[in-house]
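Protein sequence lines, in the order shown, are assigned to chains S and Y.
The first sequence begins at 276 in this note's numbering and counts up by one.
The second sequence begins at 7 in this note's numbering and counts up by one.
Accompanying notes for the structure given below.
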Amino acid sequence: MQSSPQALSAIPPEKRIVSGSEAVILSLLEENVDTIFGYPGGAIMPVYDALYDFQDQIRHILMRHEQGATHAAQGYSRVTRKVGVCLATSGPGATNLVTGIADAMMDSTPMVCITGQVASHLLGTDAFQETDVISMTIGITKWNYQVTRAEEIPLAIAKAFFIANSGRPGPVIIDICKDALLGSTEFEYEHVTKVGAYTPLPVASKQNLQEAADLLNTAQRPYCLLGHGVMIAGAQDLFKEFIEKTGIPVGSTMQGLSALPSDHPLHTGMLGMHGNYGPNILSNKADVVIAIGMRFDDRVTGDVKRYLTDAQVIHVEIDPAEIDKNIMADVALLGDAADVLRELIPMVEKRSHPEWRKLFHDADKVEYEKVIQHDIHAQGEFVRMAEVVHQLSEKTKGEATVVTDVGQHQMATARYYKFRETDAWVSSGGLGTMGYAVPAAFGAAIARQDRPVLCFVGDGAFQMTLQELTVLAYEKTPVKIILLNNGFLGMVRQWQELFFEGRYSFVHMHNPDFVAVGKAFGLEAERVDTRAQLSDAIDRMLAHEGPFLLEIKVEQEGNIFPMIPSGCSVDEVILEPKH
Amino acid sequence: MDFAQEFTTTLNGHQTAVAPAAAVLSEDSQSTVQMEPESFTLSIFTENRIGVLHRIITVFTRRHLSVDSFTTSETEVPGIFRFIVVLETTQVMAEKVRKQLEKIIGVIRAFALRESDVVRQELALYKVSMEKLQNGSLEKIIRDNHARVLTVESDYIMIEKTGHPGDTIDLFHKLEAFGVLGFSRSGTIAISKKPLLSPEDRLMIKGK
């Protein structure tokens, strides 16, 4: 990695003595950090004091809650594949980071969080705003470290950036005691490329590659599962080359969306609980499955005992601990998806599987007739989530960055937005964090201004982090928030309807006037009550230069189908409620 | 076989980090994956880092695995530590845990070993009251159990025994007739009967 010109100009060629806090900022500049999402407080104040002198070189965004800072950093990272950086104080500042850190861990998002800590002589004394953030975050960080001396700072930060964004990416916390921030150190920065025995890039063996190629070359009904790892590895082009050569149809995980254009002829849709019909009903018909950069999450597999029942499984994965974790692999290809595909492509034969692929087209027809046409060309009294997403997909030509929160609107968006751009899907997958969307959309929007940013959110999730609307307003960030308001915690309500005999327990939302809320925060805001108003309102929103909140009243008790009921096999996917 | 010997033994048995579950554990398990719980010894080599201990423990607690014994000590290489963890679990889970342990930054290598693949020992100390020596022949018990006397004070005698966990608890029950004032066990330490570390591992560890 090269130092940025700014960073070089900030540091005279000779070593110099700086404060611990200044060392923090200089280290961030050395890592080419241009944006920090943060919130000041007691223990981190020395860093904010140092930051005062570097405002021309590093952009600090004052979020309105530390959780917002983490999600903004995630959004920033997901569209740039750079490390997202958060700054927070000790105690509640640090605990407020926890949800976002856990989310980043589950979704392999590189993030470095720097937290202030009480002075080292106060550690363990229950001092004001002391929390043991290191112990607290062990289960949700890839690595964490507490700094007690100023001279440790540059190396700790260099390691943090290397660990966060190498191998399978993840979040790292560096917790720095206030006395270390106030102390002084000689500043000399060296990028880290090796940490002890940590092996970020395992290499697939030639023998395993040959076994995989043999399986693929003789497969009659091969299927490819596309995961987030393809985008993390920057392997989109290689992936396309691989499937076009082998003729293997592809099902994408939710987090793998936008790695392959949705309209690619080999793209069969989304896997999993609310995925497309074909990918689910046909998974158990495949005789060879190659899974690339995905981890067989239970939302993808359904009942694991009845998953890929007829298939030999090739698992391409960078994290050895994922091999055989949920699904046993017949052939494991360890490594970065790009490296593995580069090796594998010359070894596989040019093939096409017309008869096998026809089964997916047949399934698509069934799904279109039973579900999709009723969703996107809805006739009923109420607007459906799917038609909103469909219209936005058409009007933005599939070229937007799409950010979602968690729930029914997330599934509708995953199903109906047709991606043409890559690294364009930003959503909380593994952790399912409500409140993710608004701050993540902000982070994604300031990271990449070349695409419109659509932020789909439900009325429940919206209220979890809506304080960050302030940031959208004062930064004039052109995020388009599509608030799909059904007056319910929709996904929980759907489950209560289907699996808890319609006993609606605390899922009805008593909501504020969202348009007034949006306007109070300084956003342009509008509400759509009927289908007739929808298209024009969307046009006005997209034409507007700044942030915009479009509240759309949607069908209150609409359900997301298809669905694999919990505990069922993928081929028990249902297209409509069973009466 | 001690630690140094283990490093320098011919390393034919080097096992890759991600062989199929059945292959990693022992040669006789290659044909079938055992689903019944059995005793596994996890041997974990780590760099001395704050947080590694806690991270190792969470691998077990997160999965509701109860650990029979957990010991750690520095190896003959300064700064390199070895954890020995004994637990009852299935072969599949032992292998998953092994991989999760190796994923921890600061862990060099981790091995999951069957009972038949290791020599295990523990040390126990017994503080026995002098008041009831007439209740039996303490001398015979000490001889028969290959224990030894560490110190004799006016009111108690301190006995040491090394052996399998079953043997040390067995001796405790035999000494109960005299009144055991204190009993402490070290937890299990173990060494594999086979070479574990590859030449690369050895170089890396020695290079520290």
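No residue lacks a Cβ here, since even glycine has one placed at the ideal position from N, Cα and C.
Specify the secondary structure class of Y:Glu44 as computed by DSSP and reduced to three states. Stepping through the second sequence from its first residue, residue 44 of chain Y is reached at position 38. Y:Glu44 falls in the strand class under three-state DSSP.
Environment of S:Ile428 [buried if 16+ CB atoms lie within 10 Å]: Looking up residue 428 of chain S in the first sequence gives position 153. Under this definition S:Ile428 is a buried residue.
CB contact below 8 Å: S:Asp734 versus chain Y: In the first sequence, residue 734 of chain S corresponds to position 459, counting from 1. It does not; no Cβ of chain Y falls within 8 Å.
Please classify S:Leu609 as buried or exposed, where buried requires at least 16 neighbouring CB atoms within 10 angstroms. Position 334 of the first sequence, counting from 1, holds the residue named residue 609 of chain S. Buried.
Below 8 Å, how does it come out for the stretch 561 to 579 of chain S and the stretch 493 to 512 of chain S: are there three or more Cβ pairs, yes or no? yes
When you compare only the Cα positions, how much space is there between S:Val790 and S:Gln742? On the first sequence, residue 790 of chain S is found 515 positions in, with the first residue counted as 1. On the first sequence, residue 742 of chain S is found 467 positions in, with the first residue counted as 1. Taking the straight line from one Cα to the other gives about 14 Å.
Starting from the beta carbon of Y:Gln106, find every residue of chain S whose beta carbon is closer than 7 Å, and list them in chain order. Against the second sequence, residue 106 of chain Y aligns to sequence position 100. What Y:Gln106 touches in chain S: Ala596.
Would you check if the distance between the CB atom of S:Phe517 and the CB atom of S:Ile589 is smaller than 8 Å? Here residue 517 of chain S refers to the residue found at position 242 of the first sequence. Here residue 589 of chain S refers to the residue found at position 314 of the first sequence. For S:Phe517 and S:Ile589, no; Cβs fall outside 8 Å.
Tell me which residues share the same chain as S:Leu541 and place their Cβ nearer than 6 Å to its Cβ, disregarding the 5 neighbours each side in the sequence. Mapped onto the first sequence, residue 541 of chain S falls at position 266. So the list reads Ile518, Pro524 and Val525, once near-sequence residues are dropped.
Does chain S have any CB closer than 8 Å to the CB of Y:Thr64? Stepping through the second sequence from its first residue, residue 64 of chain Y is reached at position 58. Cβ-Cβ to chain S under 8 Å: yes for Y:Thr64.
Could you list the residues in the stretch 136 to 155 of chain Y with a C-beta less than 8 Å from some C-beta on chain S, going in chain order? none
With H, G and I counted as helix, E and B as strand and the rest as coil, what does DSSP make of S:Val848? Position 573 of the first sequence, counting from 1, holds the residue named residue 848 of chain S. Looking at S:Val848 - three-state DSSP - the assignment turns out to be coil, as it is neither helix nor strand.
Using the DSSP secondary-structure output, state which residues sit across from S:Phe763 in a beta bridge. Against the first sequence, residue 763 of chain S aligns to sequence position 488. Its beta-bridge partners are S:His783.
Three-state class that DSSP yields for Y:Ile110 in the structure shown: In the second sequence, counting from the first residue as 1, residue 110 of chain Y sits at position 104. If DSSP states are grouped into helix, strand and coil, Y:Ile110 belongs with coil.
Given S:Ser841 as reference, the closest of S:Gly547, S:Ile721, S:Ala722 and S:His466 once Cα atoms are compared: Counted from its first residue, the first sequence places residue 841 of chain S at position 566. Of S:Gly547, S:Ile721, S:Ala722 and S:His466, the residue nearest in Cα terms is S:Gly547.
I need the DSSP call for Y:Phe13, collapsed to helix, strand or coil. Your numbering for residue 13 of chain Y matches position 7 in the second sequence. Because Y:Phe13 carries a pLDDT of 33, less than 50, the predicted location of this residue cannot be relied on, and the following value inherits that uncertainty. DSSP places Y:Phe13 in helix when its eight states are reduced to three.
Assuming S:Ser668 is part of the beta strand (DSSP E), what are its boundary residues? On the first sequence, residue 668 of chain S is found 393 positions in, with the first residue counted as 1. Counting along the chain, S:Ser668 falls outside any beta strand (DSSP E), though it belongs to the alpha helix (DSSP H) covering Met660 to Lys670.
Residues from the stretch 404 to 420 of chain S in contact with chain Y, defined by Cβ distance under 8 Å: Ile409, Ser410, Ile413, Gly414, Lys417, Trp418, Asn419 and Tyr420
If we ignore side chains and look at the alpha-carbon of each, how far apart do S:Ser410 and Y:Pro84 end up? Looking up residue 410 of chain S in the first sequence gives position 135. Looking up residue 84 of chain Y in the second sequence gives position 78. Distance between the alpha carbons of S:Ser410 and Y:Pro84 is about 26 Å.
Taking C-alpha atoms, which residue in S:Gly509, S:Lys672, S:Gly504 and S:Val478 lies nearest to S:Glu618? Taking the first residue of the first sequence as position 1, residue 618 of chain S is located at position 343. Checking every option, the nearest Cα to that of S:Glu618 belongs to S:Val478.
Residues near S:His346 by beta carbon distance below 6 Å, same chain, minus five either side: By 1-based counting over the first sequence, the position of residue 346 of chain S is 71. Cβ within range, chain order: Gly375, Tyr711, Pro714 and Ala715.
Can you tell me whether Y:Val58 is helix, strand or coil according to DSSP? One-based indexing of the second sequence puts residue 58 of chain Y at position 52. Reduced to three states, the DSSP call for Y:Val58 is helix.
Give the single residue among S:Asp788, S:Arg690 and S:Phe717 whose Cα lies nearest to the Cα of S:Gln738. As a working note, residue 738 of chain S is residue 463 in the first sequence. It is S:Asp788 whose Cα lies nearest to the Cα of S:Gln738.
To test your reading of the DSSP string, which unbroken alpha helix (DSSP H) runs of 4 or more residues are found completely within the stretch 279 to 338 of chain S? 280 to 285, 295 to 305 and 320 to 326
Roughly how many angstroms separate the alpha carbons of Y:Val113 and Y:Ile86, rounded to a whole number? Within the second sequence, the letter at position 107 stands for residue 113 of chain Y. Within the second sequence, the letter at position 80 stands for residue 86 of chain Y. Near 10 Å, if we compare the C-alpha coordinates of Y:Ile86 and Y:Val113.
Provide the residue(s) that pair with S:Cys499 in DSSP beta bridges, ordered along the chain. Here residue 499 of chain S refers to the residue found at position 224 of the first sequence. BP columns for S:Cys499 point to S:Val525 and S:Ile565.
Note down, one range per segment and in chain order, each beta strand (DSSP E) of at least 3 residues found wholly within the stretch 158 to 198 of chain Y. 162 to 169, 186 to 191 and 195 to 198
Inter-stretch contact (C-beta, 8 Å, three-pair minimum) for the stretch 715 to 733 of chain S and the stretch 571 to 578 of chain S: no
Ignoring anything shorter than 4 residues, give me the alpha helix (DSSP H) runs that lie fully in the stretch 714 to 767 of chain S, in order along the chain. 734 to 737 and 744 to 749
When you compare the stretch 68 to 77 of chain Y with the stretch 87 to 105 of chain Y, are there three or more beta-carbon pairs, one atom per stretch, that lie closer than 8 Å? yes
Please identify, using Cβ separations under 9 Å, the residues of the stretch 458 to 483 of chain S that lie next to chain Y, in order along the chain. Val470, Gly471, Ala472, Tyr473, Thr474, Pro477 and Ser480
Report the option in S:Leu825, S:Phe796, S:Glu820 and S:Gly821 whose CA atom is closest to the CA atom of S:Val803. Counted from its first residue, the first sequence places residue 803 of chain S at position 528. Minimum Cα distance to S:Val803 is reached at S:Leu825.
Contacting residues, own chain, Cβ-Cβ under 6 Å from S:Ala377 (five flanking each side not counted): Along the first sequence, one-based indexing puts residue 377 of chain S at 102. Around S:Ala377: Ile415 and Leu706.
What is the C-beta distance between S:Ser537 and S:Ala433, in whole angstroms, given that I count them as a contact (C-beta under 8 Å)? For the purposes of this step, residue 537 of chain S is identified with residue 262 of the first sequence, where counting begins at 1. For the purposes of this step, residue 433 of chain S is identified with residue 158 of the first sequence, where counting begins at 1. Actually they are not in contact, since the Cβ atoms of S:Ser537 and S:Ala433 sit about 39 Å apart, beyond 8 Å.
Listed by chain order, chain S residues near Y:His60 by CB distance under 7 Å: If you number the second sequence from 1, residue 60 of chain Y lands on position 54. Neighbours of Y:His60 on chain S, chain order: Ser410 and Ile413.
List, in order along the chain, the chain Y residues whose C-beta lies closer than 7 Å to that of S:Ile389? In the first sequence, the residue the question calls residue 389 of chain S occupies position 114. Going along chain Y, no residue has its Cβ under 7 Å from S:Ile389, so there is no contact; the nearest lies around 17 Å.
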